[in-house]
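*Asks:*
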Amino acid sequence: MTADDTAPADDTALADMAGALAAATGDDSLLSAGITATTRLEGDLYLDSLDVAALGAVLRDRFGTTVDLAGYVAGLDIDQIIALTVGDIAAYVDRCLQ
Amino acid sequence: MSRFLVVTLPLTGHAYRAVAVADELGARGHEVAWCGPKTYFRPLLGPDATLFPTGTRLLRDQAEHGIAALKSLWERYVVPIARFMLPAVNRAVLEYQPDMVVVDQHALAGALAAHRHGLPWATLVTEAMELTRPLAALPRVEAWVRAQVAALCREADVTDADFDPLFSPHLVIAFTTSALTGEQRFPGHFALVGPAMLEPPGDFAWDLLDAARRKVLITVGTLATGLAGDFYQRAAAAVAPLRTTVQAIIAGPPGSLPDPPDNVLAVPSVPMLALLPRLDGVVSHGGMNTVSEALAHGVPLVLAPIRHDQPVVAAQVVRAGAGIRVPFHRVSPGQLREALVSILDEPSYRRAAIRIGDSFAAAGGAPAAAERLEQAVRTALLEPVWKPRSAAASTPMVPSVPPSKAMCPIRACRWHHRCRQNRGRY
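Chain order of the listed sequences is A and B.
Each residue of the first sequence is one higher than the last, beginning at 1 in the working numbering.
Each residue of the second sequence is one higher than the last, beginning at 1001 in the working numbering.
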């Protein structure tokens, strides 16, 4: 189950996401961790709410103030948050930029 | 003299706080009885304690991280254990006839039973998951938790819209202070008393401690044993290069660190309160017990939160300046070493920890909790849990005795109108 039914993100978008995740967590190993669209933020990357807040700040800095990750996550229900993937975030950012 | 029935959970972080408060109540001449699984509470309380057993129930493992862990905490632990305990707690209330029920925030059966019998009850807040509403940023997750609680209340035949088993309307005792919770304001019946500390029995080879080196305790608590091994390996690797300046005590299950470096003492457990005055730093998963005991002794922390309220506790400590947070699953030995050296070398961390410790001391701990419980019993005698609506304009200081009071088997159940147990009789 994913939060959105959008198509999987392309490689550039995934690389952008891996970069943003590395910047948010200060963990450069995420750049070479083989992150895919189906990598779960919580179940696979062990991110918690503080990491997600940091990721939100990085995405806003890089893609502009229309990207409101906290607002996006606040709209998700409990199972959607558990299942939230890197692809979901990439798709959300993509929608914000259109 | 009053009688208190304590309903808590068979978990160290919850039960030990209640024992510390109950000991203080006992020292003040009150009677305390307990309701919980005998296999856990009898060894903890000793042969003389009054214990109403609930039986023991094995519950399924919980998820290990994040919101998935929160979901399984409610679905697989808090709600099922409340359902399981409720009949025994109801019986204990009837048999013991307490003046007040003292309920751990996550031992919902205690709140439900007290409410059903019209007894005043107090909440013991032993974790950081509810008090400051850390889930407010995830409204649909918070709503999901409320829905689990509401469903349990309905199942227990408690339908009052304003009843919240997580927060007593009479007294809420939280084992923290505003030095950690921040500037948030709480209602007058909330008492932030700081930690109520209790030393479990334990031995330690004191002569192995080296006075010339700084000493650090590394522990990820009593719940996370499945995840601990790998973290302890990385922690040992983190402190090994500091051998001339730092001695580490790693408290973990036997075998979790088969070949420790020579500046690491691997022990199964430590007498925390006796050890803390000799420590310079603590590396912890962020359990409320370990963290508040360390801060009470002015010891700064490196926190690697795993799940539940631990990220919340870690965030509070970081915000107060008394520690550094690192990612439990990902932190490398080098990063862990860097964080550890920071809390040991930069005096701001210890200063902040001392500041929080001072706020704990001022808040009063278990004696302050006992005093608030005494006050709450006195208040409940004067102001009944249930007030007749027609008397709202001129509530008498001492309410008149209901005509059928003599029929109610519960001594403190003066306002039996709410008491389902006896509803049919009046």
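We put the CB at the ideal spot given by N, CA and C, even for glycine.
1. Could you say if the stretch 1098-1109 of chain B and the stretch 1080-1089 of chain B meet the contact criterion of at least three C-beta pairs nearer than 8 Å?
2. Please report how far the alpha carbon of residue 1211(B) lies from the alpha carbon of residue 1043(B), in whole angstroms.
3. Taking only beta-carbon atoms, is residue 1229(B) less than 8 Å away from chain A?
4. For a quick check, are the C-beta atoms of residue 1293(B) and residue 1276(B) less than 8 Å apart?
5. Give, in chain order, every unbroken run of the alpha helix (DSSP H) that is at least 4 residues long and sits entirely within the stretch 1105-1172 of chain B.
6. Beta carbons nearer than 9 Å to chain A: which residues of the stretch 1135-1146 of chain B have them?
7. For residue 1091(B), tell me which candidate among 1034(B), 1213(B), 1179(B) and 1196(B) has the shortest Cα-Cα distance.
8. In chain order, what are the residue ranges of uninterrupted alpha helix (DSSP H) at least 4 long that sit wholly in the stretch 1258-1329 of chain B?
9. By alpha-carbon positions, which one of 1048(B), 1031(B) and 1054(B) ends up nearest to residue 1040(B)?
10. Distance cutoff 8 Å, beta carbons only. Does residue 1329(B) sit that close to anything in chain A?
11. Answer with yes or no whether the minimum CB distance from residue 25(A) to chain B is below 8 Å.
12. Can you list the residues of chain A that residue 1065(B) reaches, using a CB-CB cut of under 8 Å?
13. According to DSSP, simplified to helix, strand and coil, what is residue 1100(B)?
14. Please identify the residue among 1254(B), 1358(B) and 1163(B) whose C-alpha is closest to the C-alpha of residue 1115(B).
15. Going by alpha carbons, who is nearest to residue 1058(B) out of 1171(B), 1308(B) and 1011(B)?
16. Is any beta-carbon of chain B found at less than 8 Å from that of residue 70(A)?
17. Compare the Cα-Cα distances from residue 1287(B) to each of 1112(B), 1004(B) and 1221(B) and report the closest residue.
18. So if I threshold CB-CB distances at 7 Å, which residues from the stretch 1306-1323 of chain B count as touching chain A?
19. For chain B, is any of its Cβ atoms less than 8 Å away from the one on residue 67(A)?
20. Can you list the beta strand (DSSP E) stretches of 3 or more residues lying completely in the stretch 1046-1097 of chain B, in chain order?
21. Enumerated in chain order, which unbroken segments of the beta strand (DSSP E) with a length of 3 residues or greater are wholly contained in the stretch 1184-1261 of chain B?
22. Return the first residue and the last residue of the alpha helix (DSSP H) that residue 1006(B) is part of.
23. Between residue 59(A) and residue 50(A), is the Cβ-Cβ spacing less than 8 Å?
24. Classify residue 1122(B) as buried or exposed, calling it buried when 16 or more other Cβ atoms lie within 10 Å of its own Cβ.
25. Answer with buried or exposed for residue 1391(B), where buried requires no fewer than 16 other C-beta atoms within 10 angstroms of its C-beta.
26. Could you tell me whether any non-hydrogen atom of the ligand NAD is closer than 7 Å to the CB of residue 1316(B)?
27. Quick one: what does DSSP say residue 1033(B) is sitting in, helix, strand or coil?
28. Exposed or buried, what is residue 1147(B) when buried is set at 16 or more other beta-carbons lying within 10 Å of its beta-carbon?
29. For chain B, is any of its Cβ atoms less than 8 Å away from the one on residue 2(A)?
30. Considering only residues of the same chain and omitting the five flanking positions on each side of residue 1398(B), which have a CB-CB separation below 7 Å?
31. Measure from the alpha carbon of residue 1322(B) to the alpha carbon of each residue in 1299(B), 1332(B), 1329(B) and 1062(B), then state which is nearest.
32. Between which two residues does the alpha helix (DSSP H) carrying residue 1331(B) extend?
33. Kindly identify the DSSP beta-bridge partner or partners of residue 40(A).
34. Rounded C-beta distance between residue 1124(B) and residue 1173(B)? I'm assuming under 8 Å.
35. Is there at least one Cβ from chain B nearer than 8 Å to residue 110(A)'s Cβ?
36. Which residues bound the alpha helix (DSSP H) around residue 56(A)?
*Replies:* Let me lay it out:
1. Touching, yes.
2. CA-CA distance, residue 1211(B) to residue 1043(B), rounds to 35 Å.
3. For residue 1229(B), the closest Cβ of chain A is not nearer than 8 Å.
4. Result yes, Cβ atoms of residue 1293(B) and residue 1276(B) sit closer than 8 Å.
5. You should have 1108-1116 and 1139-1155.
6. Residues 1135, 1137, 1138, 1139, 1140, 1141, 1143, 1144 and 1145.
7. Among 1034(B), 1213(B), 1179(B) and 1196(B), the Cα nearest to that of residue 1091(B) is on 1034(B).
8. Counting only runs of 4 or more, we get 1272-1275, 1288-1296 and 1310-1319.
9. Checked all of 1048(B), 1031(B) and 1054(B); the closest Cα to residue 1040(B) is 1054(B).
10. It does: the Cβ of residue 1329(B) has a partner Cβ on chain A nearer than 8 Å.
11. Output row for residue 25(A): interface = yes.
12. The answer, in chain order, is 42, 43, 46 and 48.
13. Residue 1100(B): strand per DSSP, three-state reduction.
14. Among 1254(B), 1358(B) and 1163(B), the Cα nearest to that of residue 1115(B) belongs to 1163(B).
15. For residue 1058(B), the closest C-alpha among the options 1171(B), 1308(B) and 1011(B) is that of 1011(B).
16. Taking 8 Å as the threshold, the shortest C-beta distance from residue 70(A) to chain B falls below it.
17. Ranking the options by Cα distance to residue 1287(B), first place goes to 1221(B).
18. From the stretch 1306-1323 of chain B, only 1311 and 1315 have a Cβ closer than 7 Å to chain A.
19. Nearest CB-CB separation between residue 67(A) and chain B: not below the 8 Å threshold.
20. Whole beta strand (DSSP E) segments, 3+ residues: 1050-1053.
21. The stretch 1184-1261 of chain B contains these whole beta strand (DSSP E) runs: 1190-1192, 1214-1219 and 1246-1251.
22. Per DSSP, residue 1006(B) belongs to no alpha helix (DSSP H); it is in the beta strand (DSSP E), 1003-1007.
23. Taking 8 Å as the Cβ cut-off, residue 59(A) and residue 50(A) do not qualify as a contacting pair.
24. Residue 1122(B) is buried by the Cβ-count criterion.
25. Model confidence at residue 1391(B) stands at a pLDDT of 36, short of 50, so the residue's coordinates are unreliable; what they give is reported in the following sentence. By the Cβ-count criterion, residue 1391(B) is exposed, with fewer than 16 other Cβ atoms from all chains shown falling within 10 Å of its own Cβ.
26. The model depicted lacks the ligand NAD and carries no ligand whatsoever.
27. Strand.
28. By the 10 Å Cβ count, residue 1147(B) comes out exposed.
29. Below a pLDDT of 50, predicted positions are generally treated as unreliable, and residue 2(A), at 49, falls in that range; the measurement from the model is reported next regardless. When Cβ-Cβ separations below 8 Å define contact, residue 2(A) makes no contact with chain B.
30. Low confidence applies to residue 1398(B): its pLDDT is 35, below 50, so where it sits in the model is not reliable enough to give any reading.
31. Restricting attention to 1299(B), 1332(B), 1329(B) and 1062(B), the CA atom closest to the CA of residue 1322(B) is found in 1299(B).
32. No alpha helix (DSSP H) contains residue 1331(B), which DSSP labels as neither H nor E.
33. The secondary-structure analysis by DSSP pairs residue 40(A) across a beta bridge with 85(A).
34. The C-beta distance from residue 1124(B) to residue 1173(B) rounds to 5 Å, short enough to fall under 8 Å.
35. What is shown of chain A runs 1 to 98, which leaves residue 110(A) out entirely.
36. Residues 49-63.
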